[in-house]
Amino acid sequence: DTGVSQNPRHKITKRGQNVTFRCDPISEHNRLYWYRQTLGQGPEFLTYFQNEAQLEKSRLLSDRFSAERPKGSFSTLEIQRTEQGDSAMYLCASSLPVGEQYFGPGTRLTVT
Amino acid sequence: GQQLNQSPQSMFIQEGEDVSMNCTSSSIFNTWLWYKQDPGEGPVLLIALYKAGELTSNGRLTAQFGITRKDSFLNISASIPSDVGIYFCAGPRGGSGGSNYKLTFGKGTLLTVNP
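Going down the list, the protein sequences come from chains A and B.
Letter by letter, the first sequence follows residues 1 to 112 in the numbering used here.
Letter by letter, the second sequence follows residues 1001 to 1115 in the numbering used here.
Pasting the structure below:
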């Protein structure tokens, strides 16, 4: 197993466009997390899935953001009507029910 | 919300030197984690600490879980150029049903190693 993977690694989009990112967790991990990281800051929690159920969303996750994990395996994070303030690194992590979180390489979003 | 304060913010050292950095919180954590992040990559878990007073090593890295449960320390011995990166402390907080899963991160310590 090669760890958590994320696609694309980089995305440049124009303000107002929609974007979607994908995360493939470590295969036996049933927990999946999304974080956002801006320059000079540590990652900030966005949302969390246990299997296919989305159990919590941060207040950082405005209604323009939606995340899914339809079959309890990969997850997608969609941002609608992107704004320049959405520019950040979007990180996915996964874990076992009891265990530490392992992060993917991230998707760098630039909104122009 | 909870904040983790890391110091120093940055360090510039010579290859071969030892390095110490720390992380403090106003709240108690039951787990302390140390991650390293290279530019353009995701954080990589270095060390996990689960018990107050615990001292854990991973190669040249040693981390300690403070007795008060409000701090943690990371030491790197005999630094090498590939130690360059940002080191984050993190701890799990909150969550419904009593489970801790939301990681709170510090702002990181940027380490530069001069060959």
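In this text, a Cβ means the ideal position worked out from N, Cα and C, and glycines have one as well.
**Item:** Spatial neighbours of E1017/B in its chain, beta-carbon cut-off 7 Å, leaving aside the 5 residues before and after
**Value:** S1079
**Asked** Straight-line CA distance for M1021/B to D1071/B?
**Response** 11 Å
**Prompt:** According to DSSP, is S1082/B helix, strand or coil?
**Reply:** helix
**Request:** For the beta strand (DSSP E) containing H10/A, list its first residue and its last residue.
**Result:** H10 to T13
**Request:** Check whether the Cβ of P1043/B lies closer than 8 Å to any Cβ atom in chain A.
**Result:** yes
**Message:** Residues in the same chain with beta-carbon distance under 7 Å from Y1035/B, minus the five sequence neighbours each way, listed in chain order, please.
**Reply:** P1043, V1044, L1045, L1046, F1088 and A1090
**Prompt:** In whole angstroms, what is the alpha-carbon distance linking N1005/B and S1082/B?
**Reply:** 25 Å
**Asked** Would you report the Cα separation of R31/A and L91/A, rounded to the nearest angstrom?
**Response** 14 Å
**Item:** Inter-residue spacing [alpha-carbon to alpha-carbon] between K1051/B and A1063/B
**Value:** 12 Å
**Beta-bridge partners of A53/A, as assigned by DSSP** = Q50/A
**Request:** Report the three-state DSSP secondary structure of G1095/B (helix, strand or coil).
**Result:** Caution applies to G1095/B, whose pLDDT of 48 falls short of 50 and renders its modelled position unreliable; the value that the coordinates give is listed next. Residue state, collapsed to three classes: coil.
**Cβ of R31/A within 8 Å of any chain B Cβ** = yes
**Asked** What whole-angstrom Cβ distance do F13/A and V111/A have, given they're in contact under 8 Å?
**Response** A small fix is needed here, since residue 13/A is Thr in this sequence, not Phe. Yes, T13/A and V111/A are in contact; Cβ-Cβ is about 6 Å, under 8 Å.
**Request:** Note the first and the last residue of the continuous beta strand (DSSP E) segment covering E1054/B.
**Result:** Note, E1054/B: premise wrong, no beta strand (DSSP E); not H, not E.
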